[in-house]
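Going down the list, the sequences are from chains A and B.
Numbering of the first sequence is given in the working numbering, commencing with residue 3 and proceeding in unit increments.
Numbering of the second sequence is given in the working numbering, commencing with residue 3 and proceeding in unit increments.
Virtual Cβ for every residue (Gly too), placed ideally from N, Cα, C.
Quantities reported herein were computed from a predicted structural model and do not represent experimental measurements.
Protein chains: 2
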Amino acid sequence: MPVVAKKLADAPPKPRAAPARDRLLDAAAALAVRRGAKDLTLDAVAEAAGVSKGGLLYHFPSKDALLTAMIEQMVSRFAVEHAEALAREPAGEPGRWTRALLTSFFRLPPREMAERHRQCGALLAAVAENPRLLDPVRVFYRAWRQEVEHDGLPPEKALLALAAVDGVMFWLLFEMWTPPTDELAAMHRLLREVCSVPDAGGGATSAKAAHSLR
Amino acid sequence: MPVVAKKLADAPPKPRAAPARDRLLDAAAALAVRRGAKDLTLDAVAEAAGVSKGGLLYHFPSKDALLTAMIEQMVSRFAVEHAEALAREPAGEPGRWTRALLTSFFRLPPREMAERHRQCGALLAAVAENPRLLDPVRVFYRAWRQEVEHDGLPPEKALLALAAVDGVMFWLLFEMWTPPTDELAAMHRLLREVCSVPDAGGGATSAKAAHSLR
DNA sequence: GTCTATAGTCCGATAGAC
DNA sequence: GTCTATCGGACTATAGAC
């Protein structure tokens with residue numbers, strides 16, 4: 003069930019299309035990235051979502067509740083997207099889980115990838131208000147690392163994929179840089195090579211590449 | 003200038019930073035990570051550093067000034083550490099700049115690495131107050147990407163190293179996970195293999211070379 | 001369900017003593 | 001250089017109209 007989250011982004015006061023609850027969550031994540039967590043006030047979120055403050059507090063009885071819901075939505079969307087990619091990944095091959103991660107992450111072109119990752123503004127908002135709100139994300143990460151351990155790859159390869167994906171997410175989250183399409187594709191390709199399984203029977207060229215190890 | 007002259011000779015006005023200044027900067031970064039940017043108040047920073055609020059405002063005339071200094075210190079420390087690693091990297095080999103990045107990043111054991119990266123709390127504090135405070139970091143990143151382009155490696159390899167390093171930093175910054183020593187070492191080794199030069203070529207990505215990384 | 005009005009709290013920054 | 005006292009402003013959350 004693909005969640006098509008084509009959404010509002012910036013200042014337009016009242017984009018009324020989705021239910022108020024979803025509008026509020028998306029507006030809040032965008033605000034955290036663009037204006038900073040300090041400006042993520044109930045007034046600002048309500049105004050950006052085209053709702054009054056009272057309306058906001060009907061859906062989320064406190065700011066903590068709003069932030070908790072933002073984190074929850076972010077985590078569950080990542081989980082859903084990965085599950086979809088995993089279902090399409092051929093079974094029985096080692097590294098399947100990790101390659102599904104790469105597929106779901108690199109699926110979108112840069113612009114949409116950046117827009118989709120704006121909801122990670124939930125991280126910035128949560129850690130600004132109370133770092134404990136990130137606990138659900140920490141649980142999620144622990145589960146992913148356990149998956150990675152049973153993925154049949156050397157652990158450092160799967161960890162490298164995780165780290166690389168999070169690094170690009172870091173760039174998008176802090177708006178450091180949005181890599182162009184071709185560089186994203188090249189990184190994706192390289193990571194797939196690293197996380198692929200060489201032909202059974204072993205490669206003949208194995209020792210050569212390690213020549214520059216310290 | 004009879005009495006003042008001695009004082010000036012002993013304590014030159016500019017280059018010597020007051021201990022209080024550094025204590026304030028470090029305390030602020032730690033507060034941002036541990037308690038959240040919301041609790042990064044002038045009162046809290048002053049108390050954590052063992053200074054009064056008035057003392058803080060003497061060194062940093064506004065909260066913006068404090069945050070700007072935090073960002074500045076973080077960036078300059080990264081630059082210095084990389085420059086030191088670069089100086090020790092053998093000259094003339096492609097990928098030199100990138101391998102220096104890996105060396106400077108993976109230099110410390112997990113515990114100290116996490117502690118050293120707590121000053122990246124400056125990122126959280128700055129983006130919470132005003133995302134524009136990150137502009138110096140963006141300039142810094144742009145410069146690094148340009149270095150990477152002239153490093154003699156296929157761009158995606160250097161970008162992968164940058165992303166992986168930032169991903170681990172992301173884990174430490176949000177306290178998602180601190181990888182153990184052996185997994186850090188394995189990731190470092192794998193990245194060095196990827197960023198080494200397999201043969202004289204170094205232009206195109208060869209699937210054969212990537213498959214030999216095992 | 002959605003809104004207005006307001007109560008109560010806390011923060012950043014200034015002024016000025018020492 | 002370091003401190004205390006304090007003011008004005010902004011924010012969360014409640015109460016209750018419609």
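Between the C-alpha atoms of residue i and residue j, what's the straight-line distance to the nearest angstrom?
i: B:A87; j: B:R144; result: 20 Å
i: A:R140; j: B:P182; result: 16 Å
i: A:F142; j: B:E151; result: 35 Å
i: A:A130; j: B:A128; result: 10 Å
i: A:E195; j: A:D66; result: 43 Å
i: B:S64; j: A:V199; result: 55 Å
i: B:T43; j: A:L135; result: 20 Å
i: A:D24; j: A:F62; result: 11 Å
i: B:A39; j: B:E49; result: 16 Å
i: A:D184; j: A:W146; result: 28 Å
i: B:M115; j: A:Y60; result: 44 Å
i: B:M171; j: A:M171; result: 12 Å
i: B:L126; j: B:L110; result: 23 Å
i: B:C197; j: B:E91; result: 14 Å
i: B:D28; j: B:A89; result: 27 Å
i: A:P2; j: B:N132; result: One cannot answer for residue 2 of chain A here, as it falls past the ends of chain A, which runs 3 to 216.
i: A:E149; j: B:Q148; result: 36 Å
Would you grab the beta carbon distance between residue i and residue j for me? Rounded to a whole angstrom, and I think it's under 8 Å.
i: A:S138; j: A:E74; result: The identity of residue 138 of chain A in the sequence shown is Pro, whereas the question assumes Ser. That belief holds up - the Cβ atoms of A:P138 and A:E74 are roughly 7 Å apart, short of 8 Å.
i: A:P112; j: A:L186; result: 6 Å
i: A:L26; j: A:A51; result: 5 Å
i: A:V47; j: A:A30; result: 5 Å
i: A:H1; j: A:L58; result: The structure shown does not extend to residue 1 of chain A, since chain A is modelled only from 3 through 216, so no value can be given for it.
i: B:A188; j: A:A165; result: Actually they are not in contact, since the Cβ atoms of B:A188 and A:A165 sit about 12 Å apart, beyond 8 Å.
i: A:L155; j: B:L162; result: Not quite, the Cβ-Cβ distance comes to about 16 Å (not below 8 Å), so this is no contact.
i: B:G169; j: A:D41; result: No, B:G169 and A:D41 are not in contact; Cβ-Cβ is about 28 Å, not under 8 Å.
Near residue i, what residues of its chain come up, given a Cβ to Cβ distance below 8 Å and the 5 sequence neighbours on each side ignored?
i: A:D153; result: P96, G97, R98, W99, T100 and A160
i: A:A81; result: F142
i: A:A93; result: none
i: B:P79; result: Rather than Pro, the amino acid found at residue 79 of chain B in this sequence is Arg. Here the set comprises Q121.
i: B:A13; result: Confidence is the limiting factor: at B:A13 the pLDDT is only 36, short of 50, which leaves the residue's position unreliable and the question unanswerable from this model.
Excluding sequence positions up to five away, which residues of its chain have a Cβ less than 6 Å from the Cβ of residue i?
i: A:W173; result: W179
i: A:S106; result: E83, H84 and A87
i: A:V53; result: A22
i: A:E177; result: none
Excluding the 5 residues preceding and the 5 following residue i in the sequence, name in chain order all residues of the same chain whose CB lies nearer than 7 Å to its CB.
i: A:D45; result: K55
i: A:F108; result: L186 and H190
i: A:M76; result: Q121, C122 and A124
Unbroken beta strand (DSSP E) runs of length 3 or more, entirely within the stretch 41–127 of chain B: which are they?
Assignment of beta strand (DSSP E) within the stretch 41–127 of chain B, counting only whole runs of 3 or more residues, yields no such run.
Three or more C-beta pairs under 8 Å: does that hold for the stretch 25–38 of chain A against the stretch 108–122 of chain A?
The stretch 25–38 of chain A makes contact with the stretch 108–122 of chain A: 3 or more CB pairs, one atom from each, lie closer than 8 Å.
Runs of alpha helix (DSSP H) wholly within the stretch 133–200 of chain B (minimum 4 residues, chain order):
For the stretch 133–200 of chain B, the continuous alpha helix (DSSP H) assignments of 4+ residues that do not extend past its boundaries occur at 137–151, 157–175 and 183–196, in sequence order.
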